[in-house]
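Enquirer:
Have a look at this one:
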């Protein structure tokens with residue numbers, strides 16, 4: 054997520070990464086060095102991801118300088134399918150104008 058003021062200056066940015074890992078540990082199964090690479094039951098699953106069909110929300114306080122008339126907020130949900138490569142799944146943009 055990025056927030057830019059009316060002049061296009063970035064005033065806030067926040068990134069949240071969700072990750073899933075499967076690790077082979079020697080205590081799980083026998084095999085070469087205790088690892089059976091093709092045995093899914095030999096894995097410990099570490100899950101720090103967004104559940105399918107679920108949402109998550111966060112509230113952030115963005116300090117703005119006096120005289121800020123508007124901000125553009127861009128939020129993207131990006132799927133990183135390999136190192137250095139990603140695809141935008143969903144992008145939302147909203148303009149917020151401030152009046153006195």
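In this note's numbering, the protein residues as written are 54 to 153.
All C-beta atoms in this analysis are idealised placements derived from N, C-alpha and C, irrespective of residue type, glycine included.
Owing to the predicted nature of the structure, the values given are computational and were not obtained by experimental measurement.
1) Within the same chain, show all residues whose beta-carbon is closer than 8 Å to that of residue 120, passing over the 5 residues directly before and after it, in chain order.
2) Straight-line CA distance for residue 178 to residue 63?
3) Distance, Cα to Cα, residue 131 vs residue 57?
4) On the three-state DSSP scale, how would you describe residue 150?
5) Specify, as a first and last residue, the run of the beta strand (DSSP E) that residue 63 falls within.
6) Using a Cβ-Cβ cut-off of 6 Å (strictly less than) and excluding sequence neighbours within five positions of residue 127, which residues of its own chain qualify?
7) Relative to the alpha-carbon of residue 71, which residue among 140, 59, 102 has its alpha-carbon at the smallest distance?
8) In three-state DSSP terms, what is residue 124?
Expert: If we stick to the structure as given:
1) Leaving aside the five residues that flank residue 120 on each side, none in its chain has a CB nearer than 8 Å to its CB.
2) Limits of the chain in this structure are 54 at one end and 153 at the other, which puts residue 178 out of reach.
3) Rounded to the nearest angstrom, the two C-alpha atoms are 20 Å apart.
4) Strand, per DSSP.
5) Counting along the chain, the beta strand (DSSP E) containing residue 63 begins and ends at 63-66.
6) Excluding the 5 residues flanking it on each side, residue 127 has same chain C-beta neighbours closer than 6 Å at 55, 146, in chain order.
7) Nearest C-alpha to residue 71: 102.
8) Reduced to three states, the DSSP call for residue 124 is strand.
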